[in-house]
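**Student:** The sequence shown: position 205 = 205 (the UniProt record's numbering), numbered continuously.
Note that the Cβ used here is the ideal one computed from N, Cα and C, for glycine as well.
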Amino acid sequence: MNFLPDASHWYLRYGDEKLPYKARSRFPAGHKNGVELNYLSEGSSHVPSIMGFLMRRPQYPNYDFGAAGSFCPHWMIRQDGVYTDGSKIDGNVGFSVCIFEGNSLLPVYCYKWNIFNSVFKAELADIDFASGSALDKNVKIKIFTDSKSSIEALKSANIKSNFVLSVKEHLYNAKDLVSLVWVKAHAGSPGNELADHIAKIASFWGTETYIPAPYSFVKRTCNDLLIGEWNNYWTNSVSGRRTKDFFPSVNLDFLINNKYAIYFLTNHRPFPAYLSRFKILDNPNCICSQFGDADHHVSSCIYTKGHHLILPTISTSTYWFNILCRKQFCVNRLNTIFEISRKICDDL
Numbered sequence: 001m002n003f004l005p006d007a008s009h010w011y012l013r014y015g016d017e018k019l020p021y022k023a024r025s026r027f028p029a030g031h032k033n034g035v036e037l038n039y040l041s042e043g044s045s046h047v048p049s050i051m052g053f054l055m056r057r058p059q060y061p062n063y064d065f066g067a068a069g070s071f072c073p074h075w076m077i078r079q080d081g082v083y084t085d086g087s088k089i090d091g092n093v094g095f096s097v098c099i100f101e102g103n104s105l106l107p108v109y110c111y112k113w114n115i116f117n118s119v120f121k122a123e124l125a126d127i128d129f130a131s132g133s134a135l136d137k138n139v140k141i142k143i144f145t146d147s148k149s150s151i152e153a154l155k156s157a158n159i160k161s162n163f164v165l166s167v168k169e170h171l172y173n174a175k176d177l178v179s180l181v182w183v184k185a186h187a188g189s190p191g192n193e194l195a196d197h198i199a200k201i202a203s204f205w206g207t208e209t210y211i212p213a214p215y216s217f218v219k220r221t222c223n224d225l226l227i228g229e230w231n232n233y234w235t236n237s238v239s240g241r242r243t244k245d246f247f248p249s250v251n252l253d254f255l256i257n258n259k260y261a262i263y264f265l266t267n268h269r270p271f272p273a274y275l276s277r278f279k280i281l282d283n284p285n286c287i288c289s290q291f292g293d294a295d296h297h298v299s300s301c302i303y304t305k306g307h308h309l310i311l312p313t314i315s316t317s318t319y320w321f322n323i324l325c326r327k328q329f330c331v332n333r334l335n336t337i338f339e340i341s342r343k344i345c346d347d348l
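#1: Comparing alpha-carbon positions, which option in N192, D176, Y210, T243 lies nearest K112?
#2: Do you know how far the Cα of N162 is from the Cα of E208?
#3: Nearest to P272 by CA position, among L281, N257, L265, S299, is which residue?
#4: Using only alpha-carbon positions, find the residue among H308, L265, P248, S276 that is nearest to C325.
#5: I'd like the list of long-range same chain contacts for Y274, defined as Cβ closer than 6 Å, with 5 residues on each side in sequence excluded.
#6: Which residue from G91, T304, V82 puts its Cα closest to that of residue 352?
#7: Just mark K155 as buried or exposed, buried being the case when its beta carbon has 16 or more other beta carbons within 10 Å.
#8: Quick check on this structure: which residue in E169, F278, G86 has the alpha carbon closest to the alpha carbon of C98?
#9: Give me the residue from V108, E193, I127 with the minimum Cα distance to L165.
#10: Using a Cβ distance threshold of 8 Å, determine whether the segment 213 to 221 contacts the segment 280 to 297, with at least three qualifying pairs required.
#11: Using 7 Å as the threshold, is the C-beta distance between H297 and I337 below it?
#12: Determine whether the beta carbon atoms of I89 and S203 lie at a separation below 7 Å.
#13: Which runs of the alpha helix (DSSP H) at least 4 residues long sit entirely within the UniProt domain "RNase H type-1" (76 to 204)? Give them in chain order.
#14: Report the start-end ranges of each alpha helix (DSSP H) in the segment 233 to 287 that is 4 residues or longer and not cut off at the edges.
#15: Where does T207 sit, in a helix, a strand or coil, going by DSSP?
#16: If contacts are defined as beta-carbon pairs under 8 Å, then C345 and P270 qualify, I think. What distance do you get, rounded to the angstrom?
#17: Between which residues of its own chain and P312 is the CB-CB distance below 7 Å, once the five residues before and five after are set aside?
#18: Is it right to say N173 is buried, meaning 16 or more other beta carbons lie within 10 angstroms of its own, or is it exposed?
#19: Among residues of its own chain, excluding the 5 on either side of G94, which ones have a beta-carbon nearer than 6 Å to its beta-carbon?
#20: Alpha carbons only, please: which of H170, N192, S133, V331 is nearest the one belonging to N257?
#21: Within 8 Å, do at least three Cβ pairs link the segment 168 to 184 to the segment 144 to 151?
Laid out in structure tokens, this is it:
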């Protein structure tokens, strides 16, 4: 991060303790002056850098940094309005509201949510917070946000989410008091950069607030639990060994809609070996005297020779079967092979 000159006398404030930080000069292209803080200073490695408050003395006084704390000297940001942002780090969700009046930054609001909330919801929450504040104080504000998805959701007439609808209602009640402006993220807007920085801090150290889990989270959690139980049952089951060679775990992304592919996958139906297990046929062998299972008819039976497929190894079986189901000429061959095996079973 680049700061204005002069960079001497920087120090870290952590609670009531002041720890020195070393600074080294750096002059990026287009800048005559600048400094980059070196966070390897002796005696300060035990301090979480994200909680540090960077101050400059003696020209500038201390500031009110809000719930989570940050730094924003008056000379660093000269923008009016309310800047909002949300962040999610390691499952922690936080959002911040930074209010500027003239060249002054008012106390910053930082809130932390549970892991089941999303950044999208956090972005909407800080817009809702800012608009509610404007309505309570009866003052006009301009809210700057880098969340296009939030603005689109508020513009849409097809939204069914109760949370989004409540935010829209609050904005409607505020009427002409609130203006919502989109600003591009990480494009050099100091207010937006500060809101983003504090939102990251808030995701760990913001004021904790609790709201009900959204429907999407409940649905996803229940789905994950069901898939986990299904997968455990599938893994520990003694049946379906052949199918497990092709699908060792549950896969919802793959749907088999061809009955002949299912015949091959399960080794069931028009095969002498299968029918003999249920005493429908006396002999499990094909009329060519080989063991009459699905693999035999697909790859080695003399009566299906013109339609044979090369069987996969165990390590490539899943990929092979996926390709088989996607290639229509392979499916057609499989259909022809199993129609022939059905006739063989009828003759037996």
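**Tutor:** This is what the structure gives:
#1: Y210
#2: 22 Å
#3: L281
#4: L265
#5: H268
#6: No information on residue 352 is available, as it lies outside the stretch 1 to 348 that the chain covers here.
#7: exposed
#8: G86
#9: I127
#10: no
#11: yes
#12: yes
#13: 119 to 137, 148 to 155, 162 to 174
#14: 241 to 246, 259 to 266, 272 to 277
#15: strand
#16: 5 Å
#17: W320
#18: exposed
#19: S87, K112, A199, A202, S203, G206
#20: V331
#21: yes
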